[in-house]
Every structure is written in structure tokens, then in C-alpha cells.
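Structure record follows, encoded as C-alpha cells.
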Amino acid sequence: MLGFIALAIITLTWLLRDYGQNTRPHQGIIYCSEGSPETFNPQIGTSSTTIDASTHQLYDRLVDVDNQGNITPGLAFKWSISRDQKSYRFKLRQGVNFHHTDFFRPTRTLNSEDVAFSFSRILDKEHPYHHVGGGQYPYFQSVGLDNLVMSVTTPDPFTVQFDLLRPDASFLTTLATDFAVILSAEYGEWLEKRRQQSYIDSRPIGTGPFSFATYRKDSYIKYRRHPAYWGPPAKLERLVFDITPAPSARLAKLITGECDVIALPSASEMTLLRKSEQIKLNLQTGLNVGYLAFNTQHPPFDDARVRRAIAHAIDRERLLAAVYFGTATLANSVLPPVSWAYNDALPVLDYDPETARELLQEAGLEQGFSFELWAPPVPRVYNPSPLKMAQLIKADLKKVGITAEIVSYDWQTFRRHLQAGRHDATLLGWMADTADPDNFFRPLLTCQALSYGTNRAQWCDFEFDRLLNSALETPSRIQRKAYYSDAQKIISEQLPIFPIAHALRFQAYRKGITGMDLNPYGGIRFADAERN
Numbered sequence: 001m002l003g004f005i006a007l008a009i010i011t012l013t014w015l016l017r018d019y020g021q022n023t024r025p026h027q028g029i030i031y032c033s034e035g036s037p038e039t040f041n042p043q044i045g046t047s048s049t050t051i052d053a054s055t056h057q058l059y060d061r062l063v064d065v066d067n068q069g070n071i072t073p074g075l076a077f078k079w080s081i082s083r084d085q086k087s088y089r090f091k092l093r094q095g096v097n098f099h100h101t102d103f104f105r106p107t108r109t110l111n112s113e114d115v116a117f118s119f120s121r122i123l124d125k126e127h128p129y130h131h132v133g134g135g136q137y138p139y140f141q142s143v144g145l146d147n148l149v150m151s152v153t154t155p156d157p158f159t160v161q162f163d164l165l166r167p168d169a170s171f172l173t174t175l176a177t178d179f180a181v182i183l184s185a186e187y188g189e190w191l192e193k194r195r196q197q198s199y200i201d202s203r204p205i206g207t208g209p210f211s212f213a214t215y216r217k218d219s220y221i222k223y224r225r226h227p228a229y230w231g232p233p234a235k236l237e238r239l240v241f242d243i244t245p246a247p248s249a250r251l252a253k254l255i256t257g258e259c260d261v262i263a264l265p266s267a268s269e270m271t272l273l274r275k276s277e278q279i280k281l282n283l284q285t286g287l288n289v290g291y292l293a294f295n296t297q298h299p300p301f302d303d304a305r306v307r308r309a310i311a312h313a314i315d316r317e318r319l320l321a322a323v324y325f326g327t328a329t330l331a332n333s334v335l336p337p338v339s340w341a342y343n344d345a346l347p348v349l350d351y352d353p354e355t356a357r358e359l360l361q362e363a364g365l366e367q368g369f370s371f372e373l374w375a376p377p378v379p380r381v382y383n384p385s386p387l388k389m390a391q392l393i394k395a396d397l398k399k400v401g402i403t404a405e406i407v408s409y410d411w412q413t414f415r416r417h418l419q420a421g422r423h424d425a426t427l428l429g430w431m432a433d434t435a436d437p438d439n440f441f442r443p444l445l446t447c448q449a450l451s452y453g454t455n456r457a458q459w460c461d462f463e464f465d466r467l468l469n470s471a472l473e474t475p476s477r478i479q480r481k482a483y484y485s486d487a488q489k490i491i492s493e494q495l496p497i498f499p500i501a502h503a504l505r506f507q508a509y510r511k512g513i514t515g516m517d518l519n520p521y522g523g524i525r526f527a528d529a530e531r532n
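According to UniProt numbering, the residues represented by the sequence shown are 1 to 532, in order.
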């Protein structure tokens, strides 16, 4: 611990070198984050590390979602929907300024061309920016946006219209997700002339409360307040992400004051954090799920009996006690019980090693087998200690004759290999971006998601997809819930992923920091944070 504290003090010195020692106490905050973002454009990534570093700091969306799950105005101050539910027209705010940075100076404010540019990049394979960054837009492609939106048009400079091929009850919530950020078309044109198109994702220009200053991979990210922000200006002049992968190092920096806020405090640290007079701890019900995904394309996980055997062999109550320390509830569905579409009639998969052995015998694997169990190298909201969980699962499976070899990589390599489908089984999870249940199902388990690397189970069931599509075609919540209940039954029977826990979301920061209210959806926000 003393070594981490000494390192923290040295790190603080050079982090503040550019800002000046006298500016930090009143005008800046240092946030100890858990890792480096894959990109500064959330359109092309789905990791929470990327979301935290980009979405709510650098960008805005057409619409937002409040803490109750209601859609609220964003860059669009009003909208209308046609009677056939297939046309959405948005009226944009006027006078919204893009960031002025050391590397780009915009000459105009936001208009409809920026919205069309942002979505055409995703939807149009012939768009000059579609293939920049690899041509993958995982969230949007997994929910089938490219097969839903027929056109994006600009009737006038402050009006944007989306025409859909069919009604979709989740379309507005899709536009409110952390991925649906609005980019600058003028910046895109400027970069294209200089043949520097890749900078659009690594040297970002947005309309958000902070602008991008500098970034050193695996070290820090620095932001400045956007003085011409269209909404209430950020209270902080400076914001620093101090990239600190080790949870113990983040805790040490928080205790010594080297960090003001930390990412993903360990559940095992809750008692220490609660006792500290200098630290505040926020907890909130989490709209998330931690799960074990089976690669159903890899034998023997192509057999539902084997998947069910492993589920019965895992003592989830022990996982809750040893990994979450009472900060999670047992999961019986991908959806948390607080969701309006939750099916509370699903059978519970109890810890039952004897049933596990019987299922293995039925599958012809009474002698057991070996497989690779992949575990993320960093804690996540839905799993505070993946490697520890993997070790406990390994011990449980050994009791029924199954040998699990634990595999891990650095975070970016881990995600790249997952997307390529190299895993046998992996511990992962999902955190909701909106209150719509489709946000849980479609990115994780549809055939569409299989093509874009977010379906970690490599599972495709046409009846499951049909139910989800039917749920989107009706505005009736009662009917939608019926479809989603049937979809949950299929997951429970086939078990492509085994839900483990719904974790509480918590956040630790030093007293004197205010405006850090937890948002149940998506990433961390610093627009309202301040130091008192």
C-alpha cells in the first residue's frame, strides 16, 4: 500500500504540471479510471471504459433519458412521430457550439447536416467515413439499425427526419443510448481534405460540456471546460482521468487525496470506505447483469445439457458472498427484476451437483472434459472481481469432473479475441443504456448481434429473434411484455448465457465533491460535478 501511495504522489505531480498547482483545488477534479479507452468515439465501441471517457464528457445526443427512464430533450428540443410510427422528425436547438481546440476551429454551429453525417456514417457503407476505424458499429449493428432506417433527410438546417422501414417501439431509446453521439460534419470534411480521417475518433470534436485536451495511453486523459456549451456550463474548468488499472492503487489514491473520485471500487473495500470520514459512497440498484456466456459453436457447449450441467454445478450463493460481498442479488434472467418486462415465473437453476453429473452422463461426458474459462482482467460494474469468480467456478466444476483453465489478457486484447469468437466460455455482463428491455436482449443474443461480435454466446435462435421483432412492432407495453416473457423462457431453456448476479452500482469520492449523482443508465458524468 505504501508503494502505491508514493507512486500516487509522483503521478499527481506530473498530472497537474500543465494545470498549475493553484488551479486544482477549486477548479479541477481527478478521476482514477480503470483503463484506457479503445477510442474516443462511442459509435465504434461498446466497453464502459470507452463510454466513461467520451460519451457524457465530449458529446451530446438528439435525446436523453432521465433517471426514471423517460426520454427527454437533448440536441433536439422537440420531435414528432407519424401516425404509422415510421417517420420521426426532430427540431434542433439553434446556436449549439462545437468545441474549439488546439487542433480544430469550427466556423459554424450545429445544424441538421451534422446529425445526418453522424448517422449516415453508421448506415451507409458508401459514406466516406463508414470504414474509418474498421467499419464496425457494434451496438447499432447488433440492434439492426442498418436494417431499420430507410433514410435520414434534412428538410431544413434545423430539422432532421428518420424514415423507418417498419415501426420500432425502441427507436427513440436507441437514439438516447450512450452510443448515439453527434459528430461534426465540418470537422469530418476538414480531416478528409488532409487525409487524416482517423483523427475523427482519436482527436474528438463534439458539443459536450468538456473538450478534449491531451491523452497519453495507459497514463492520463485531460479535458477542458467547454465555455460555450449550450446547456448549463460545467462547473469544473479541468477534468483529468488518471488511468489506474489496479483497484488497490485507486483506493490508495482516493484515501490520500491524489484522486477525488475512483472507478469501480472493490466490493471487498466497502467496509473501509464506509468507515472513512473523508469519503462518500453512493449506492444504487443496478440495471445490469453479470453472466457466464458459453460459446455454443464450440463443442461440448453446443449441447444445452452441458450448459445446464455447468449452471447446476456453480454455487452462485457462494459467488455473491465471496465476490460481491452482499452488493448484488441472484440473477434468474438477463433482465433485472426492476425491469417492467421481467418474467418472475422462470424456474430457478439451483446449485445441484448431482443433477449436473446426471446431465453430463446424458450428454456422454460422465468422464468430464476440459475447457478454457475466460475472465476479464479488470473489474466491471456487473462483476467486481472476475478473476476471483473464475477461480471459484473452477473449484466448483472440479467437483463434477470438469476442468476449467482460466485465461485472461490485457483488456483490449481480451475484447479483440472475444469478438473473434476464440473463447470456450467467458465471464462478462451488460449494463443498460436505457430502460427499454430490448437494450438487454438484442445486443447480447440475437442472430444480428452474432455478426458483429456482441453476441458472446455465438448463439442464434430464429424464434427468439421473432419474439423480439414482434415486441418492437407494437406500442402496447402489455403485449410487449408477453413477447419478452416468452423470449426469457427460451433463454432459460437453452441457456446460451447463464445469469449470475445483478450488482448494485456504487461510486466512491472524497467529501467536498458534489454533483456526482449516480445515473442508472450508461457512463459516468462530470458536467454537474464540483469541488466545494
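Idealized CB from N, CA, C, for every residue including glycine.
Check                                                                                                                                                                  : Outcome
Buried or exposed: His312, going by 16 or more other Cβ atoms within 10 Å of its Cβ?                                                                                   : buried
Using only the alpha-carbon positions, how far apart do Ala375 and Phe498 sit?                                                                                         : 15 Å
For Glu362, collect the residues of the same chain with a Cβ closer than 7 Å to its Cβ; drop the 5 residues on either side in sequence, then sort them by chain order. : Arg305
Alpha carbon to alpha carbon, what distance is there between Glu530 and Ile513?                                                                                        : 6 Å
Since Ala449 and Ala293 should fall inside the 8 Å C-beta cutoff, what is the C-beta to C-beta distance between them, to a whole number of angstroms?                  : The pair is not a contact, with the Cβ atoms about 12 Å apart (cut-off 8 Å).
Would you identify the three-state DSSP class for Leu430, choosing helix, strand or coil?                                                                              : Inspection of the sequence shows that residue 430 is occupied by Trp rather than by Leu. Three-state DSSP puts Trp430 in a strand.
Please confirm whether Gly95 and Ile243 have their CB atoms less than 9 Å apart.                                                                                       : no
Any chance you could list the alpha helix (DSSP H) runs of at least 4 consecutive residues sitting entirely within the region 418-495, in chain order?                 : 438-445, 447-450, 462-472, 477-494
Using beta-carbon positions only, say whether Glu405 and Phe371 come within less than 9 Å of one another.                                                              : yes
By the DSSP assignment, the beta strand (DSSP E) with Asp303 in it spans what residues?                                                                                : From DSSP, Asp303 is part of no beta strand (DSSP E); its letter is neither H nor E.
Should Thr101 and Phe212 be called a contact, given that it needs their Cβ atoms to be closer than 9 Å?                                                                : yes
Hey, Arg238 and Gln68: beta-carbon distance below 9 Å or not?                                                                                                          : no
Taking the alpha-carbon of Leu387 as reference, which of Asn41, Glu126, Val323 has the nearest alpha-carbon?                                                           : Val323
Apart from the five residues on each side of it in sequence, which residues of its chain come closer than 7 Å, Cβ to Cβ, to Gln278?                                    : Arg510, Lys511
Are Pro209 and Gln57 touching if we call contact CB-CB under 9 Å?                                                                                                      : yes
Which residue wins for smallest C-alpha separation from Phe140, given the options Ile478, Thr107, Lys222, Leu444?                                                      : Leu444
Using only alpha-carbon positions, find the residue among Asn41, Ile255, Phe77 that is nearest to Ile182.                                                              : Asn41
Could you check the C-alpha separation between Pro336 and Gln488 for me, to the nearest Å?                                                                             : 12 Å
Nearest to Arg224 by CA position, among His131, Gln196, Leu236, is which residue?                                                                                      : Leu236
Please state whether DSSP places Leu320 in a helix, a strand or coil.                                                                                                  : helix
State buried or exposed for Gln507, treating a residue as buried only when at least 16 other CB atoms are found within 10 Å of its CB.                                 : buried
So, under 8 Å CB-CB, Leu468 and Asp438 are touching, yes? Tell me the CB distance rounded to an integer number of Å.                                                   : 7 Å
Which two residues bound the contiguous alpha helix (DSSP H) that contains Ala176?                                                                                     : Where Ala176 is concerned, there is no enclosing alpha helix (DSSP H), given that its DSSP letter is neither H nor E.
Under 8 Å: do the region 110-117 and the region 157-168 share three or more Cβ pairs, one atom per stretch?                                                            : yes
Counting only the same chain and skipping the five closest in sequence on each side, list residues whose C-beta sits under 7 Å from that of Thr355.                    : His312
Tell me whether the beta-carbon of Tyr351 lies closer than 9 Å to the beta-carbon of Ile314.                                                                           : yes
Once DSSP output is grouped into helix, strand and coil, what is the label at Lys399?                                                                                  : coil
Just to confirm my understanding: we take Leu7, look at its own chain, exclude 5 residues before and 5 after, and list those with CB closer than 6 Å. What are they?   : Low local confidence applies: a pLDDT of 44 at Leu7 is under 50, so the model's placement there is unreliable, and no value is given.
Of the choices Arg166, Phe103, Leu251, Gln284, whose alpha-carbon is the least far from that of Glu269?                                                                : Leu251
Just verifying my parser: in three-state terms, what is the DSSP assignment at Trp190?                                                                                 : helix
Would you mind reading off the limits of the beta strand (DSSP E) that contains Ile81?                                                                                 : 76-81
Under a Cβ-count criterion, where at least 16 other Cβ atoms within 10 Å of its own Cβ denotes burial, should His423 be classed as buried or exposed?                  : buried
Between Ala263, Leu281, Ala331, Gly364, which lies nearest to Pro300 when the distance is taken from Cα to Cα?                                                         : Gly364
Which residue from Leu518, Gln419, Gly515 puts its Cα closest to that of Gln136?                                                                                       : Gln419
Which of the three DSSP states, helix, strand or coil, is assigned to Asn343?                                                                                          : coil
Mind pulling the alpha helix (DSSP H) runs of 4 or more residues that sit fully within the region 151-175?                                                             : 171-175
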